[in-house]
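In the working numbering, the protein residues as written are 594 to 1122.
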């Protein structure tokens, strides 16, 4: 049975190998291959008043990356062209059509994309355009031909073994630019609020330098230096933002524009110069987010009825399913069925898919095993995108499940984030304070889950606007306590004796803070009273 000192020791052990634990210890830009080569070429373009284009991605990481470079260029008096491809019209990343759209351009900088843009790189070479690629996605064996490639995943890059997002790569280029341009007083810390958003939204591992940057970034967000964060705070009546607000509130809002229409709306929101402008763009984003929720619910409700629960990897598809929400639906399916999920939107002879993993399983490697029947694919261990001919979908579903059967992963086991067993009597505000000291939680620092055994169910009650949640009155060793089961999938019977896997969080209501147990899983005893 864990006590509070045991919990502290177990959580401290997660960071025992961290090196870059505060901002003053962050790796130097020199440790990121080609950073200075890229910075020197950009400086030359600035000095010679060349035309510069920046091309990003339509997710949070890509939008933030564009915002960082755009702000830097504005600060030094450069009017760079910012292009965020439209998911539905332009597709992903740099391509020949976008290069033609830029017209007479001298330098193209990619952010959060480009590492596999071999064909586009050749077009740039033919047109006499210098190309700088900044990215963090996994490179293939043949890199694009570019003036500089800044990507920590290159084999010969000496950057520390920590996953960083595209916005961080772009920020490191700005750090090198500060040096080569002689901008001694330039404040790189002003981007920490945006970086915290990108790191969490792109599901980077929250240890080492990422942890240090996010912790500093949340403080910066709460300073409300950017009108965009004030607009969100005022709309939702927040006293202040917490780490979970980045994951569950801010990031989905910023993502919604790119999912439903055009990510340039979110870019303009992040770059808004005053509250009036921020509010105007935020009104549009709220509309997108509401539409996203409706589409997501409709598609999830439809797919969940058609899933074969015997499949180890969920693969499902439908005609013209909204491309902007298939990734969210894949995530919800993977959590519901506790296994990887891939959802495709079929449009004629081509299907575009989005994959989500669970736990530490590498979904990208599994997808790569099907390379011979895919048109394209890319992404991360936890999330990936792919395209395939529609007539090969059944073959893909069979092949990826067969490949999975040769893996050793097991998704039917209890939650692998379980820290240990506790008694309900230690769940109080002191425990909340201990847990808050180890935030933010996420990749490589999962929110602690505890087991409480032999609990008697006294009462159950549906709560929430749609009765989707369950409030449980419970008892153990004559101690009565409550727990909430959000989006519950089954309800225990009164009098049953169960084991619970729970997380502990703070619930603030009418100015009073309380410790709240959130049920993650119920395990039933064979015998109960």
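Ideal Cβ placement from N, Cα and C applies to all residues, glycine included.
Quick one: grab the DSSP three-state call for residue i.
i	result
residue 1113	strand
residue 739	coil
residue 1076	strand
residue 1094	strand
residue 655	helix
residue 638	helix
residue 825	helix
residue 943	strand
residue 855	coil
residue 727	strand
residue 1064	strand
residue 597	helix
residue 835	coil
residue 752	coil
residue 958	helix
residue 1108	strand
With a CB to CB cut of under 8 angstroms and the five nearest residues on each side skipped, what residues in its chain are close to residue i?
i	result
residue 635	645, 700, 702, 725, 766 and 770
residue 1158	Outside the displayed span of the chain (594 to 1122) sits residue 1158, for which this structure offers no information.
residue 619	613, 802, 805 and 806
residue 1008	Confidence is the limiting factor: at residue 1008 the pLDDT is only 46, short of 50, which leaves the residue's position unreliable and the question unanswerable from this model.
residue 1073	1051, 1066 and 1067
residue 1011	1042, 1043, 1044 and 1094
residue 891	none
Can you tell which of the options has the C-alpha that lies nearest to the C-alpha of residue i?
i	options	result
residue 758	773, 728, 1097 and 775	728
residue 612	784, 753 and 788	753
residue 885	1083, 855 and 873	855
residue 654	705, 620, 697 and 618	705
residue 955	975, 940, 946 and 966	975
residue 566	978, 942, 676 and 1053	Outside the displayed span of the chain (594 to 1122) sits residue 566, for which this structure offers no information.
residue 1040	1046, 1050, 1048 and 1028	1028
residue 779	666, 794, 831 and 684	666
residue 782	661, 1077 and 671	661
residue 858	843, 844, 874 and 866	874
residue 988	596, 958 and 964	964
residue 738	715, 747 and 722	715
residue 1031	772, 788 and 836	836
residue 657	817, 848 and 985	848
residue 816	633, 833 and 827	833
residue 1100	772, 763 and 1025	1025
For chain B, find out if any of its Cβ atoms is closer than 8 angstroms to the Cβ of residue i; answer yes or no.
i	result
residue 1011	Here chain B cannot be found, since the structure has a single protein chain.
Once the 5 residues before and after residue i are set aside, which same chain residues still bring their CB inside 7 angstroms of it?
i	result
residue 713	687, 688, 689 and 692
residue 680	651, 851, 916 and 917
residue 733	709
residue 785	806, 809, 810 and 813
residue 1121	For residue 1121, the predicted model reports a pLDDT of 41, less than 50, meaning its position is unreliable; a value from the coordinates is still stated below. The answer, listed in chain order, is 1088, 1089 and 1090.
residue 608	800
residue 865	820, 821, 871 and 874
Where does the unbroken alpha helix (DSSP H) through residue i begin, and where does it stop?
i	result
residue 719	711 to 719
residue 929	919 to 930
residue 619	It is not in any alpha helix (DSSP H) - residue 619 carries neither H nor E in the DSSP assignment.
residue 963	Note, residue 963: premise wrong, no alpha helix (DSSP H); not H, not E.
residue 991	986 to 998
residue 1029	1022 to 1029
residue 810	801 to 815
If you follow the beta strand (DSSP E) that residue i is in, where does it begin and where does it stop?
i	result
residue 891	First-last for residue 891: 868 to 897, but that is the alpha helix (DSSP H), not the beta strand (DSSP E).
residue 970	969 to 972
residue 911	907 to 912
residue 1052	1042 to 1056
residue 676	674 to 676
residue 980	976 to 982
residue 694	Where residue 694 is concerned, there is no enclosing beta strand (DSSP E), although the alpha helix (DSSP H) it sits in stretches over 689 to 695.
residue 646	645 to 648
residue 671	Careful: residue 671 lies outside any beta strand (DSSP E) and carries neither H nor E.
Starting from the C-beta of residue i, find all residues in its chain whose C-beta is less than 6 angstroms away, skip the five residues before and the five after it, and write them out in chain order.
i	result
residue 1056	1062 and 1064
residue 846	878 and 882
residue 949	923, 924, 927, 934 and 976
residue 627	741, 742 and 743
residue 980	945, 968 and 969
residue 671	639
residue 1003	Because residue 1003 sits at a pLDDT of 47, beneath the cut-off of 50, its placement in the model cannot be relied upon, and the point is left open.
residue 1006	Legend: pLDDT at residue 1006 = 39, less than 50; position of this residue unreliable, no value from coordinates given.
residue 906	933, 993, 994 and 997
For residue i and residue j, which I take to be in contact (beta-carbon distance under 8 angstroms), what is that distance rounded to the nearest angstrom?
i	j	result
residue 868	residue 824	7 angstroms
residue 1097	residue 1108	6 angstroms
residue 942	residue 982	6 angstroms
residue 676	residue 647	7 angstroms
residue 900	residue 909	6 angstroms
residue 761	residue 793	Not quite, the Cβ-Cβ distance comes to about 12 angstroms (not below 8 angstroms), so this is no contact.
residue 1019	residue 596	7 angstroms
residue 796	residue 1035	7 angstroms
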